[in-house]
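One structure is given here, and the rest of the page talks about it.
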Amino acid sequence: MSKTCYHCGEDVPVGTDYSVEILNKPRTMCCPGCQSVAQTIVDSGLVSYYQYRTQTADKADLIPEQLSQLAYYDNEDVQLDFVHDIDNAKQVTLSLEGVSCAACAWLIEKQLMRQSGVIEIRVNTTTHRAHLKWSPEQTSLSEILTAIQKLGYKAAPFEADEQERIYHQSMKQYLYRLGVAGLATMQVMMLAVALYFEVFGDLDTSFRNYFRWVSFIFATPVLLYSASPFYVSAWRSIKGRTLGMDVPVSIALLFAYIASFIATVTEQGEVFFESISMFTFFLLVGRFLEMRARRKAAAASGNLLKLIPAMATTLDGETIAVRSLKSGDKIRVLPGEHIPADGTIISGQVHIDESMLTGESEQVAKHVGDKVYAGTLNGAEAFELLVTASKAQSRIASIIRLQDEAQLSKPRIAELADIVARYFVGGLLLTAAATWFYWQQHRPEDAFWIMLSVLVATCPCALSLATPTAITCAASRMGELGIILRKAHVFETLCKVNHLIVDKTGTLTQGDIQLHHVEVFEDWQRQDALKLAAALESFANHPIARAFQPYKDASIELDQVENKIGLGVQAIYNGNTIRIGKASFALDSEFTSNETAIYLSQNAQLIAKFYYHDPLRSDAKALIDSFKASDIQITLLTGDNASNAHNIAQQVGIDNVISDSSPEDKLAYLNTLKSDSVTMMIGDGINDAPTLSGAHLSVAMGGGTDIAKASADMVLLGDNLGQVMKARELARFTRRIIRQNLAWALGYNALILPLAVAGFIAPYFAVVGMSASSIIVVSNSLRLLKEASSK
0 MSKTCYHCGE DVPVGTDYSV EILNKPRTMC CPGCQSVAQT IVDSGLVSYY QYRTQTADKA
60 DLIPEQLSQL AYYDNEDVQL DFVHDIDNAK QVTLSLEGVS CAACAWLIEK QLMRQSGVIE
120 IRVNTTTHRA HLKWSPEQTS LSEILTAIQK LGYKAAPFEA DEQERIYHQS MKQYLYRLGV
180 AGLATMQVMM LAVALYFEVF GDLDTSFRNY FRWVSFIFAT PVLLYSASPF YVSAWRSIKG
240 RTLGMDVPVS IALLFAYIAS FIATVTEQGE VFFESISMFT FFLLVGRFLE MRARRKAAAA
300 SGNLLKLIPA MATTLDGETI AVRSLKSGDK IRVLPGEHIP ADGTIISGQV HIDESMLTGE
360 SEQVAKHVGD KVYAGTLNGA EAFELLVTAS KAQSRIASII RLQDEAQLSK PRIAELADIV
420 ARYFVGGLLL TAAATWFYWQ QHRPEDAFWI MLSVLVATCP CALSLATPTA ITCAASRMGE
480 LGIILRKAHV FETLCKVNHL IVDKTGTLTQ GDIQLHHVEV FEDWQRQDAL KLAAALESFA
540 NHPIARAFQP YKDASIELDQ VENKIGLGVQ AIYNGNTIRI GKASFALDSE FTSNETAIYL
600 SQNAQLIAKF YYHDPLRSDA KALIDSFKAS DIQITLLTGD NASNAHNIAQ QVGIDNVISD
660 SSPEDKLAYL NTLKSDSVTM MIGDGINDAP TLSGAHLSVA MGGGTDIAKA SADMVLLGDN
720 LGQVMKAREL ARFTRRIIRQ NLAWALGYNA LILPLAVAGF IAPYFAVVGM SASSIIVVSN
780 SLRLLKEASS K
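Heads up, the sequence shown is in numbering that gives the first Met the number 0, so the first residue is 0 and it goes up one at a time.
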């Protein structure tokens, strides 16, 4: 008699031996495909699929919906929408469901870091997102998502629209739970007040017990349905061997319910059904308002992605999905439309509103060859665009990744608060037990409700929310200012800066270099010298190099090109050594010049000098004046010659000038500063990268090189120096908010704990106080979303 496959129901071929242990028995499979799928189902904890299925699966094809959805995320074409490749690894931002406190984040991070292939995972409890970095050679994204689901949380790649749907779904569920708790509370409280004030004192004991049973009936759905999120969160914490904020709350609710039920059945002792209903109702009100406040704090970056339209128009007039666009595609952007992808203008001259990126309200003129970015707003003219990046690789996507990374990288004060909160819960449970034991000896009839008050009133929700909500709000505000944060320590360090170090070209000056005079030697023609210089400078990434782009000639071929950072470019041309850069480099001598010029040489013989002009930024002096007013030391640190450096320094009011500095010289200068110096470096070039990395705090100009941005802690998208001072004001305001939050959270617990232990806090007041404390902290943090300069 032939055997049938336990998975798909088909006949098992003779001579095969495939099986999987399912429901404690070995089950025969017909092929490796069915064996693999069945084993995946078992390993993922979804074996109940086989218990409840009504028919067999298709051959090696049908698996539970949860698994099939997760496996979908391993498809490389699908991953183009949300996965970012970096350093031979992959990273993605995940949306999380079920995360309610710092303990949840700690649990996910702890468990996932044990999994092979996971390089980094950081969870943000405010935005309900996680930053994940993994090695695709060792594990897959679906395996990591499955591991998160085994912990009791749901995870999926972050998408703004999906996040919005999940938020509304969660809010709807909370409203249902809140409605049940509210209705039950009203009914139970009417009976409880009547019993407390002996309205029915002339009735016999049977009627009194009848009212208790009615209260029990109303309180039961509150405990089993409305309060279920607290039990789920507490169980996750216990499974992860940690103590979350919902552990004492769940213990209080369950203890009160069990004790009240026993009192009702035995007709002896007090009941707390009204307290259970009120506990749950006020807790849900607090969580509901907290969720709304958190969403407001986290909405900024998600809203940026919504600016990218879902559809784009091809040159043939066909409408296609934006997610299908790839580098090299050509599309048409119509007047008044948000640009669907990063790209280069190939036809048309337009004005683009880039305020969502830079914070600057004025439209920017764009011409053929200029870059434009997804999400920015086209003006009144249509134009044609050559796509240069997919949605996942777009500038706006990278901005959101940087924002999320900065929010996920916790400052030391936030890490300390999380640790304190975890230990505080343990201390709270011990204190509650000791409180019950004490009052059981002295006033046994009140011991239980006093213990409940201690459990609820001192829950450290506000302490865990104090720092992350403030950091999230401040990071969102920074984004509105046109500043992208790359490190979380920015808010702490900005407040401590006492020494500002600035580069000159492209930082204090506009970096919009213009050649105004060319002097040639050795019978060279001006145009030939310009073409040769342009060919050399095409291998450099510096504002001066961009001034030569109009003169580039593709017919000039160079060999053995070397870019000497901070000096110039060298190559072989027609058998001769050609150099362009500083006088000492080009002429291979100790010769120095104070001219505002670039030198071109052949075999160390001067053949041309290019005089250039680099106008000062309009806001450079205001920046320097504001830092000087704050009694901050300022140094101009540049690779340019002394004459140019002192000229700019005199215009903006800088006294300390260090010129002719190589990248090594700049870094060496940092190392000579006193140990009490807290330095902030502002730069834009490759030669600034070592100094940006070495400074306590670094700021890269948005128009600077990629390596400068990668080395910096902050990036100015709009090259507006005035935003640096606004960032400092915001950082100081953020520090005040965090201190206020921590002072309130710690002060509240320090005040309420002795009162609760002494029996002066009723259970209903305890839960109101705890919820109000959390809402105050979150609301105070939301002040950061307003204009910081007004504070």
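Glycine included, every Cβ here is placed at the ideal spot set by N, Cα and C.
Treat the numbers as computed from the prediction; the structure is a model and nothing was measured.
Within 10 Å of its beta-carbon, does residue i have 16 or more other beta-carbons around it, so buried, or fewer, so exposed?
i	result
glutamine 601	buried
serine 148	One point to set straight first is that residue 148 is glutamine, not serine, in the sequence displayed. Buried, because 16 or more other Cβ atoms sit within 10 Å of the Cβ of glutamine 148.
glutamate 317	exposed
glutamate 273	buried
tyrosine 72	buried
proline 339	buried
histidine 515	exposed
isoleucine 85	exposed
proline 689	buried
isoleucine 257	exposed
lysine 785	exposed
methionine 310	exposed
threonine 265	exposed
histidine 441	exposed
isoleucine 681	buried
isoleucine 500	buried
lysine 665	buried
Given this structure, state the Cα-to-Cα distance separating residue i from residue j, to the nearest angstrom.
i	j	result
leucine 454	threonine 468	24 Å
alanine 299	leucine 529	Reliability fails at alanine 299, whose pLDDT of 49 lies under 50, so the model's placement of it is uncertain and the value that follows must be treated cautiously. Cα to Cα, alanine 299 sits roughly 47 Å from leucine 529.
valine 246	arginine 738	27 Å
asparagine 593	alanine 641	6 Å
isoleucine 623	glutamine 632	10 Å
phenylalanine 280	arginine 240	28 Å
alanine 787	glutamate 728	Note that alanine 787 scores a pLDDT of 45, beneath 50, so its modelled location is shaky; the value from the coordinates is reported in the next line. Cα to Cα, alanine 787 sits roughly 7 Å from glutamate 728.
arginine 735	leucine 282	28 Å
alanine 744	alanine 757	20 Å
alanine 431	isoleucine 449	9 Å
leucine 429	serine 249	15 Å
valine 714	leucine 691	11 Å
serine 259	glutamine 172	27 Å
leucine 781	leucine 716	24 Å
leucine 61	isoleucine 143	In this predicted model, leucine 61 has a pLDDT of only 41, less than 50, meaning its place in the structure is not dependable; the value taken from the coordinates is given anyway. Their backbone Cα atoms lie some 21 Å apart in a straight line.
lysine 109	isoleucine 120	9 Å
glutamine 38	leucine 493	53 Å
lysine 608	glutamine 722	37 Å
serine 463	isoleucine 351	42 Å
Within the same chain, show all residues whose beta-carbon is closer than 7 Å to that of residue i, passing over the 5 residues directly before and after it, in chain order.
i	result
valine 349	Lys365, Asn377, Gly378, Glu380, Phe382
aspartate 12	Residue identity check: residue 12 is proline in the sequence provided, not aspartate. Closer than 7 Å at the Cβ level, and outside the excluded window around proline 12, lie Cys29.
tryptophan 212	Thr263
asparagine 562	Phe538, Ala539, Val568
glycine 565	Gly638, Ser661, Pro662, Asn686
valine 19	Arg26, Met28, Gln34, Ala37, Gln38, Val41
asparagine 270	According to the sequence displayed, residue 270 carries valine and not asparagine. For valine 270, where only same-chain residues beyond five positions count, the Cβ hits under 7 Å are Arg211, Ser214, Ser259, Ala262, Thr263.
I'd like the list of long-range same chain contacts for residue i, defined as Cβ closer than 6 Å, with 5 residues on each side in sequence excluded.
i	result
isoleucine 512	Pro542, Ile543, Ala546, Tyr611, Asp613
glutamine 726	Contrary to the premise, residue 726 reads as alanine rather than glutamine in this sequence. The residues are Ile482.
methionine 724	Ser625
threonine 15	none
isoleucine 435	The residue asked about is misnamed: residue 435 is tryptophan in this sequence, not isoleucine. For tryptophan 435, where only same-chain residues beyond five positions count, the Cβ hits under 6 Å are Ala446, Met450.
alanine 755	Ser452, Val453, Ala456
isoleucine 345	Glu383, Leu385
Looking only at its own chain, which residues have a Cβ that is under 8 Å from the Cβ of residue i, when we skip the five neighbours before and after it?
i	result
alanine 88	Ile118, Lys132, Trp133, Ser134, Pro135
leucine 314	Lys329, Ile330, Arg331, Glu383
leucine 427	Pro247, Val453, Leu454, Thr457, Cys458, Pro459
threonine 817	For residue 817 there is no data in the structure shown, the boundaries of the chain being 0 and 790.
Does the structure place the segment 568–578 close enough to the segment 635–653 that three or more beta carbon pairs sit under 8 Å?
no
Does the segment 170–182 touch the segment 219–229, meaning 3 or more C-beta pairs lie closer than 8 Å?
yes
Extract the residue ranges of the alpha helix (DSSP H) inside the segment 651–711, only unbroken runs of 4 or more that lie entirely within it.
662–671, 688–693, 705–710
Contact the segment 87–97 vs the segment 118–134: 3+ CB pairs below 8 Å
yes
Counting only runs of 4+ residues fully inside the segment 591–653, write out the alpha helix (DSSP H) ranges in chain order.
619–628, 641–651
Should the segment 467–481 be called in touch with the segment 502–509, which here means at least 3 C-beta pairs below 8 Å?
no
Alpha helix (DSSP H) runs contained entirely in the segment 417–504, provided each spans 4 or more residues
443–456, 460–479, 489–493
Taking only runs that begin and end inside the segment 77–149, name each unbroken alpha helix (DSSP H) of 4 or more residues, in chain order.
101–111, 140–149
Check whether the segment 574–592 touches the segment 665–683, taking contact to mean three or more Cβ pairs, one atom from each stretch, closer than 8 Å.
no
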